[in-house]
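*Asks:* Under numbering that gives the first Met the number 0, think of the first position of the sequence shown as 0, with each following residue one higher.
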Amino acid sequence: MNRVTSYFREVRSELKKVLWPTRKETVSLTVVVIVSVILITGMLWLMDIIIGGILRLVVS
Numbered sequence: 000m001n002r003v004t005s006y007f008r009e010v011r012s013e014l015k016k017v018l019w020p021t022r023k024e025t026v027s028l029t030v031v032v033i034v035s036v037i038l039i040t041g042m043l044w045l046m047d048i049i050i051g052g053i054l055r056l057v058v059s
């Protein structure tokens, strides 16, 4: 039981050292991630259409 108590004491100590982001940082980074996902999704969709069109020309 002593090892378990020691483990949780160390975890608590380490969590106090963590530099947590502010709300503003969290919101701005979340927006960056969402915009990046949308842009990459659009690029992949466009590439899919282009490659599909090329393959249709080659096959037919």
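The beta-carbon is built from N, C-alpha and C at its ideal position, and this holds for glycine as well. Keep in mind it's a predicted model, so treat the numbers as computed, not measured.
Please state whether DSSP places LEU43 in a helix, a strand or coil.
*Replies:* helix
*Asks:* Using three-state DSSP, classify VAL17 as helix, strand or coil.
*Replies:* coil
*Asks:* Compute the Euclidean distance between the alpha carbons of LYS15 and MET42, then round it to the nearest angstrom.
*Replies:* 42 Å
*Asks:* Between the alpha carbons of ILE33 and GLY52, how many angstroms are there, rounded?
*Replies:* 29 Å
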